[in-house]
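Reviewing the structure listed below.
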Amino acid sequence: MIRRRFHDLPAEARQAITGKIGPVHAARTADGGLNSGIATFLDTDHGPIFVKGIPTNHPQAPAQRREAAINPHLPRACPRLYWHLETAGWDLLGYEVLPGRHADYAPGSADLPLIAAALAELQEITAPSGIPVKAAEQRWSAYAPPGTATLFTGDTLLHTDLAPHNVLVDDRAHIIDWAWPTRGAAWIDPTILILRLIEAGHTPAEADAFARRFPSWRTAPAKAEKAFAAANAAAWEEIASTDTAPWKTALASHAIAFHAHLHALPGNR
Ligand SMILES: Nc1ncnc2c1ncn2[C@@H]1O[C@H](COP(=O)(O)OP(=O)(O)O)[C@@H](O)[C@H]1O
Ligand SMILES: [Mg+2]
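So this is what it looks like as structure tokens:
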């Protein structure tokens with residue numbers, strides 16, 4: 000989606016925003032991130048606000064509604080949602096601005112322990128009931144080898160999109176962009192992180208070794224890990240077949256490489 004600037008929003012939507020936050024003195028569009036129609040930092044009398052928005056008829060509008068619904072259940076290190084508006088054909092979220100820059104996942108990066116600590120904190124959180132959180136066994140059922148999707152079940156709140164532009168780092172790591180909250184087995188988020196580590200230059204074996212610091216990944220049944228790796232590779236292959244953006248093609252090949260890595264391991268390791 001083409002990212003628009005604050006001033007490109009319909010006047011009615013801008014008025015609804017200023018009704019919440021008072022006059023906007025300056026607007027700066029965020030770099031990084033891919034999905035939002037608008038992602039902008041606004042200077043107000045009460046300090047900065049991050050506003051993210053998408054047209055209400057966009058296929059990803061439901062993802063933004065899920066993001067709003069999950070926010071009160073997130074750890075304090077995630078940004079607080081101040082308000083959620085639907086107006087003039089736009090779904091708009093107003094967030095606390097967090098300090099920090101995008102995480103660096105490269106081998107040897109000083110951010111890696113901070114990223115691991117933030118994910119370890121998340122691993123302890125149970126997915127809330129009563130709000131629309133997807134279930135892992137449903138989300139990946141179409142891609143899982145027959146009969147294996149039930150291995151993905153669990154109660155943990157998963158982020159499932161741990162790209163470096165969805166992690167802000169200052170003196171700690173903050174996990175942002177909760178468009179895909181999912182309930183499932185705790186080891187799924189470490190698996191998803193593994194692909195992003197490979198993307199940043201780790202070998203599959205190095206990324207696997209990094210993820211073994213998470214008890215969930217260390218103790219997950221090998222059969223379940225392999226089934227998920229197969230499902231995730233199939234899902235990324237489908238994404239890359241419909242959209243040939245180079246990063247999507249690359250992630251599909253990393254997912255295939257990681258699946259092959261797990262299969263080459265002896266027994267249950
Ligand atoms: N609360 C926040 N504080 C500071 N920067 C943020 C915040 N939320 C998002 N950003 C910045 O805006 C970018 C896009 O936001 P994100 O929620 O990831 O939307 P998208 O769906 O477009 O990926 C992020 O990569 C980050 O740089
Ligand atoms: Mg993002």
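Residues in the sequence shown are numbered from 0 upward in steps of one, following numbering that gives the first Met the number 0. The beta-carbon is built from N, C-alpha and C at its ideal position, and this holds for glycine as well.
Here the stretch 137-145 does not lie against the stretch 168-176, with fewer than 3 beta-carbon pairs under 8 Å apart.
Here ALA184 is near ALA219, since their CB atoms are less than 8 Å apart.
In this chain, the alpha helix (DSSP H) harbouring TRP246 covers 245-263. Only residues of its own chain outside the window of five on either side were considered, and among them ALA26 and THR39 have a CB closer than 6 Å to the CB of PHE5, listed in chain order. Counted as a single uninterrupted DSSP element, the beta strand (DSSP E) harbouring ARG27 occupies residues 25-28. At least one heavy atom of ligand 1 sits closer than 7 Å to the Cβ of SER35.
Within 7 Å of the C-beta of LYS51 there is at least one heavy atom belonging to ligand 1. The beta carbon of PRO78 sits closer than 7 Å to at least one heavy atom of ligand 1.
Placement of the Cβ of ASP44 at a distance of 7 Å or more from every heavy atom of ligand 1 is found.
Annotated as proximal: ILE48 and GLY93, with beta-carbon spacing under 8 Å. Burial state of SER35 is buried, judged by a 10 Å Cβ sphere holding 16 or more other Cβ atoms. The beta carbons of ILE69 and LYS51 sit no closer together than 8 Å. Setting aside the 5 residues that flank it on each side, GLY21 is surrounded in the same chain by THR43 and ASP44, each with a C-beta closer than 6 Å to its C-beta; the list follows chain order. For THR86, the pairing in a beta bridge is given by DSSP as TRP89. Here the stretch 81-101 makes contact with the stretch 157-171; the two share three or more CB pairs at distances below 8 Å. In the structure shown, the three-state DSSP call for ILE48 is strand. Distance check between GLY266 and each of ILE255, PRO180, ALA10 and LYS222 places LYS222 closest, using alpha-carbon atoms only.
Linking ALA210 to ILE16 through their CA atoms gives a straight-line distance of about 41 Å. Leaving aside the five residues that flank HIS262 on each side, the residues in its chain whose CB is nearer than 7 Å to its CB run, in chain order, LYS225. With a 10 Å radius around the Cβ and a threshold of 16 neighbouring Cβ atoms, PRO180 comes out buried.
The beta carbon of THR86 is closer than 7 Å to those of GLU11, ALA12 and ALA15 in its chain, skipping five residues each way along the sequence.
With a threshold of 7 Å, the Cβ atom of LEU167 counts as near ligand 1, since some heavy atom of the ligand is closer than that.
Scanning its chain for C-beta atoms nearer than 7 Å, with the 5 sequence neighbours on each side dropped, one finds around THR55 the residues GLU85, GLY88, TRP89 and ASP90, in chain order.
With contacts defined as CB atoms closer than 8 Å, THR159 and ILE191 qualify as a contacting pair.
When secondary structure is reduced to three states using DSSP, ASP42 falls in the strand class.
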